[in-house]
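Participant: Attaching a single structure in structure tokens format; questions to follow.
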Amino acid sequence: MERLEAKEILLTAVGKGATDLYLAAGAPPVLRVDSRLVKMDAPLLSAGDTERFARFLLSDEQWERFAGAGEIVAASSIPGVGRFRAAVYRQQGVCALSLRPIPDAVPSIEELGLPEAVKNLALCSQGLILVTGPTRSGKTTTLAAMVDLINRGRSCLVITLENPIEYLHRHQMSIVSQREVGEDTPSFYCGLRSALAQGADVIIAGELPDGEAVRAAISAAERGHLIIAGFPALDATQTVERLIGNFPPDCRQQMMVRLAAVLQGVVSQRLFPRASGTGLVPAVEVLIATPAVRSLIRDGALRQLPSTIEAGGRYGMQTLAASLKRLCEEGIVPCSEALPQGR
């Protein structure tokens, strides 16, 4: 596969508004458009094609890492095409790729259709905010929009920890230093610890993969920093459960007390196809850490969180089910797809 052919495939993916592009030997390039897989009208790819495509995307150093580990996640900017998040891996000894286009401009919270409460959370001066959801739920984009809001309206040092770096932020009112885990820092835990010494006012962590990282994030929030982190969970209640579940049973009560003291809120989202047939829209659950919510977390009464969220509309809280219902009533999301997934 020549470089021009690789560019043509990438341009096609961008032109069709694909959220993902899949390349595997024995199949044509496949796009994910509005959550559906669409095969491109192109010849079947060979093992040589996919390997050449990977070499085209990866730097020499990244290729060496891939050759040794059999997998790598990296971001690549292609002149005249755009920026892509690329997961390159071997399956049955053959190279395969999963790519995701990254928009040039960071979308705003309003453009994403997120509730006003998300903006209010991003404007907090300290504490811990969690952005959660399953894979391909838009967490990275929401985190980027929150960084952009801070960057435009607050004079501070923002340090991001990402794997890989996807959206690129220019310095505006803030200084934004973007660090890639595996390249600029060994781990999210190390990056969180280092950010304190680097004088960060705001720390953005793309994920909190283990108990060490969770503990470091809570410790940083206790010291007066604002921490905004991604986390894989289906809703706000599961977020708290899984976060605390990172710790041994004999430590969990202490960690719930610490979490209750620093948590500002949880934004949990999922993406659904628009009724128009073009694009995706988020349904969003919002938990705000009111005194009542902090008390429930501190006491471990997590089963009461859903009803507290449901009754907390005046604080900006909303359940995922309520968000979905509103999207259906406004004709934005087809109810046949959305309602069965509400909790």
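According to full-length UniProt numbering, numbering within the sequence shown proceeds without interruption in unit steps and concludes at 343.
No residue lacks a Cβ here, since even glycine has one placed at the ideal position from N, Cα and C.
In this text, all values refer to a predicted model and were calculated from it rather than measured experimentally.
Taking the alpha carbon of R52 as the point to measure from, which residue in A195, A69, G68 and C95 has its own alpha carbon closest?
Facilitator: By one-based count along the sequence shown, residue 52 stands at place 52. Considering only alpha carbons, the answer is C95.
Participant: Using a Cβ-Cβ cut-off of 6 Å (strictly less than) and excluding sequence neighbours within five positions of A200, which residues of its own chain qualify?
Facilitator: Translated into the one-based positions of the sequence shown, residue 200 becomes position 200. Here the set comprises L157 and I159.
Participant: Could you tell me which residues DSSP pairs with F231 in its beta bridges?
Facilitator: Taking the first residue of the sequence shown as position 1, residue 231 is located at position 231. In the DSSP output, where bridge partners are listed per residue, F231 has T132.
Participant: Excluding the 5 residues preceding and the 5 following L327 in the sequence, name in chain order all residues of the same chain whose CB lies nearer than 8 Å to its CB.
Facilitator: Position 327 of the sequence shown holds residue 327. Closer than 8 Å at the Cβ level, and outside the excluded window around L327, lie F272, V281, A283, V333 and A338.
Participant: Indicate whether the contact test is met: 3 or more Cβ pairs, each with one atom in the region 14-21 and one in the region 97-117, closer than 8 Å.
Facilitator: Yes, since at least three Cβ pairs between the region 14-21 and the region 97-117 fall closer than 8 Å, the two stretches touch.
Participant: Residues in its own chain within less than 6 Å of S137 by CB, not counting five upstream and five downstream?
Facilitator: On the sequence shown, position 137 is the one that residue 137 refers to. Correct list, in chain order: Q269, R270 and L271.
Participant: When DSSP builds the beta bridges, which residues end up paired with C95?
Facilitator: Residue 95 sits at position 95 when you count from the first residue of the sequence shown. DSSP, once it has assigned bridges, lists R90 as partnering C95.
Participant: How many Å lie between L58 and K7 at the Cα?
Facilitator: By 1-based counting over the sequence shown, the position of residue 58 is 58. By 1-based counting over the sequence shown, the position of residue 7 is 7. Each residue's alpha carbon lies about 14 Å from the other.
Participant: Where V176 and G316 are concerned, what is the direct C-alpha to C-alpha distance, given to the nearest angstrom?
Facilitator: Taking the first residue of the sequence shown as 1, we reach residue 176 at position 176. Taking the first residue of the sequence shown as 1, we reach residue 316 at position 316. One C-alpha to the other measures close to 28 Å.
Participant: May I ask you to list the residues that DSSP assigns as paired with A205?
Facilitator: As a first step, residue 205 is located in the sequence shown; it is residue number 205 there, counting from the start. BP columns for A205 point to L161 and A229.
Participant: On the three-state DSSP scale, how would you describe K325?
Facilitator: Numbered from 1 along the sequence shown, position 325 holds the residue referred to as residue 325. Helix at K325.
Participant: Would you tell me roughly how many angstroms separate the C-alpha atoms of A301 and L259, rounded to the nearest one?
Facilitator: Indexing the sequence shown from 1 puts residue 301 at position 301. Indexing the sequence shown from 1 puts residue 259 at position 259. One C-alpha to the other measures close to 14 Å.
Participant: In the structure shown, what three-state DSSP assignment does P101 receive?
Facilitator: In the sequence shown, the residue the question calls residue 101 occupies position 101. Strand, per DSSP.
Participant: Rounded to whole angstroms, what is the Cα-Cα separation between D148 and H171?
Facilitator: Locating residue 148 in the sequence shown gives position 148, where the first residue counts as 1. Locating residue 171 in the sequence shown gives position 171, where the first residue counts as 1. The straight-line gap from Cα to Cα measures roughly 10 Å.
Participant: Which residue's Cα is closest to the Cα of A75: L243, W63, A69 and G68?
Facilitator: Position 75 of the sequence shown, counting from 1, holds the residue named residue 75. Selected option, being the one with the closest Cα: W63.
Participant: Residues in the same chain with beta-carbon distance under 7 Å from S194, minus the five sequence neighbours each way, listed in chain order, please.
Facilitator: In the sequence shown, counting from the first residue as 1, residue 194 sits at position 194. Taken in chain order, the residues that qualify are T185.
Participant: Under 6 Å Cβ to Cβ from T140, same chain only, skipping five residues before and after it: list those, please.
Facilitator: As a first step, residue 140 must be located in the sequence shown, where it is residue number 140. Hits under 6 Å: E166.
Participant: Would V267 and V286 be called neighbours here (beta carbons separated by less than 8 Å)?
Facilitator: What you label residue 267 is simply residue 267 of the sequence shown in a count that begins at 1. What you label residue 286 is simply residue 286 of the sequence shown in a count that begins at 1. Yes, Cβ-Cβ distance for V267 and V286 is below 8 Å.
Participant: Put S155 into one of helix, strand or coil per three-state DSSP.
Facilitator: On the sequence shown, position 155 is the one that residue 155 refers to. Here S155 sits in coil by DSSP.
Participant: When the distance is taken between beta carbons, is G191 closer than 8 Å to L202?
Facilitator: Your numbering for residue 202 matches position 202 in the sequence shown. Your numbering for residue 191 matches position 191 in the sequence shown. Position check: residue 202 holds Val in this sequence, whereas Leu was assumed. The answer is no: Cβ separation not under 8 Å.
Participant: Do you know how far the Cα of V81 is from the Cα of G17?
Facilitator: Residue mapping note: residue 17 aligns to position 17 of the sequence shown, counting from 1. Residue mapping note: residue 81 aligns to position 81 of the sequence shown, counting from 1. Taking the straight line joining both Cα atoms gives about 13 Å.
Participant: State the beta-bridge partners of R85 as determined by DSSP.
Facilitator: Along the sequence shown, read from residue 1 onward, the residue named residue 85 stands at position 85. Paired residues: A75 and R100.
Participant: Using alpha carbons as the reference points, say which of Q318, L226, A27 and P43 lies closest to L37.
Facilitator: Residue mapping note: residue 37 aligns to position 37 of the sequence shown, counting from 1. Looking at the Cα atoms, A27 is the closest of the given residues.
Participant: Can you tell me which residues form a DSSP beta bridge with I175?
Facilitator: For the purposes of this step, residue 175 is identified with residue 175 of the sequence shown, where counting begins at 1. The partner list for I175 (beta bridge, DSSP) reads L157.
Participant: In this structure, how does DSSP classify Y167 when only helix, strand and coil are distinguished?
Facilitator: For the purposes of this step, residue 167 is taken as residue 167 along the sequence shown, with counting starting at 1. In this structure, Y167 counts as coil in the three-state DSSP scheme.
Participant: Is M173 buried or exposed, if buried means 16 or more other CB atoms sit within 10 Å of its CB?
Facilitator: Counting from one through the sequence shown, the residue named residue 173 turns up at place 173. Per the 10 Å Cβ criterion, exposed.
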